[in-house]
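In short: position in the sequence shown from 1, add 2, done, that's the numbering used here. We put the beta carbon where it would ideally sit given N, CA and C, even for glycine.
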Amino acid sequence: MTVVAVLLGGGLGATLRYLLGLALAPPTPPDFPWVTFAINVVGAFALGAVMTMLTLKRLRAPWAKPFLSTGLIGGFTTWSHFIVEADQLIGARQVGLAVTYLVVSIVVGVAAAAAGAALVERLTRLHSAGA
């Protein structure tokens, strides 16, 4: 069941990333890779939210973690493309932009994951107080 959950989630996540990339028409180096940046930040936010829901037992189905985290969000986000784009920027002699892209992506990604977690915690407290 776990492998099927990862397979289905990964297929869906990768398809969503592909379609979003087509819709947003990613720039070619030496421009800042906004599409990959946005996808990875949204994915980090979503993963922070999902992992918090799992920790707080808001998601209890045994397939939820492999489907949502490894599958859907793992398929949606893209570490390899992130690294390749940074390498392309360096190859285009845009080292400053490449370093900015790497640092900003990591800092904003961590902040997005924390924001996703904080949002779920806040909504859980509000729901518990109102129940």
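Specify, as a first and last residue, the run of the alpha helix (DSSP H) that F39 falls within. 36-57 is the span of the alpha helix (DSSP H), which, as asked, contains F39.
Once the 5 residues before and after T72 are set aside, which same chain residues still bring their CB inside 6 angstroms of it? Excluding its 5 nearest sequence neighbours in each direction, T72 has C-beta neighbours in its own chain below 6 angstroms: V8, listed in chain order.
Using 8 angstroms as the threshold, is the C-beta distance between G23 and V6 below it? no
Excluding the 5 residues preceding and the 5 following L18 in the sequence, name in chain order all residues of the same chain whose CB lies nearer than 7 angstroms to its CB. F78
From which residue to which residue does the alpha helix (DSSP H) around G73 run? Looking at the DSSP string, G73 is not in any alpha helix (DSSP H), and its letter there is neither H nor E.
List the endpoints of the continuous alpha helix (DSSP H) containing D89. 81-93
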